[in-house]
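Residue numbers (my numbering): 1430 to 1633. Glycine included, every Cβ here is placed at the ideal spot set by N, Cα and C. These figures come from a predicted structure and were not determined experimentally.
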Ligand code: 5GP
């Protein structure tokens, strides 16, 4: 029996190439009551990416209009593209009784923590910068892209101190099991328990 109040916001950030997407997919498969908040972005879809599944792909003008009409909980510019979490995405998941997974950058994570102090911030680290470089090379990224992502990675890694948890992804199974432990432990925190459920069980 689940005693906790649903609607916990889990934020995951990691430098590009750390394996964050694979880890998030694993979590979402294992935990049916955890749903990914689908962000809006002005970036073009990559091969295999679908509108409404990976992102809502929109143009810059539409994104700016959404900023003006205050439709985002947070937004940021990453690698020259805009990314944002809409209020609608969060509210519809909360009202449907789900916990929420946000895969967003470090700036977005800090903004979420300010707005939702009970949110849980998790930072995924690569085993080392050399290993991160190897992974980016294996992904056949362009040389300039690799340089840009590595320099951004160093900046991002320095932000891990603002997070509640740090997970090193040197082994995907171990890292995903650590993430599961974090989520389970957070759900069991006394502050998240729905007291009325306990009262119901133990009423005389
Ligand atoms: P990608 O283009 O590789 O999918 O994502 C690039 C970066 O943007 C990643 O670090 C990802 O976590 C971040 N990102 C994706 N969606 C959002 C969002 O809604 N808000 C913020 N702040 N960052 C996002």
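query                                                                                                                                                                                                       : result
Quick one: is residue 1497 buried, meaning 16 or more other Cβ sit within 10 Å of its Cβ, or exposed?                                                                                                       : exposed
Going by DSSP, name the residue or residues bridged to residue 1515.                                                                                                                                        : 1501
Would you identify the three-state DSSP class for residue 1442, choosing helix, strand or coil?                                                                                                             : strand
Report all residues from its chain with a CB closer than 6 Å to the CB of residue 1438; omit the five preceding and five following residues, and keep chain order.                                          : 1529, 1545 and 1548
Nearest by alpha-carbon distance to residue 1564: which of 1536, 1550, 1532 and 1598 is it?                                                                                                                 : 1598
Cβ of residue 1493 versus every heavy atom of ligand 1: is any distance shorter than 8 Å?                                                                                                                   : no
Which partner residues of residue 1484 appear in the DSSP bridge assignment?                                                                                                                                : 1480
Starting from the Cα of residue 1580, find the closest Cα among 1472, 1465, 1506 and 1444 and give me that residue.                                                                                         : 1444
For a minimum of 3 consecutive residues, which ranges assigned as the beta strand (DSSP E) are wholly contained in the region 1543-1591?                                                                    : 1549-1554
Using 8 Å as the cut-off, can you tell me whether the region 1609-1625 makes contact with the region 1454-1470, which would need three or more C-beta pairs spanning the two stretches below that distance? : yes
Is residue 1628 helix, strand or coil by DSSP?                                                                                                                                                              : helix
In three-state terms, what does DSSP make of residue 1460?                                                                                                                                                  : coil
Do residue 1532 and residue 1435 count as a contact pair if the criterion is CB distance below 9 Å?                                                                                                         : no
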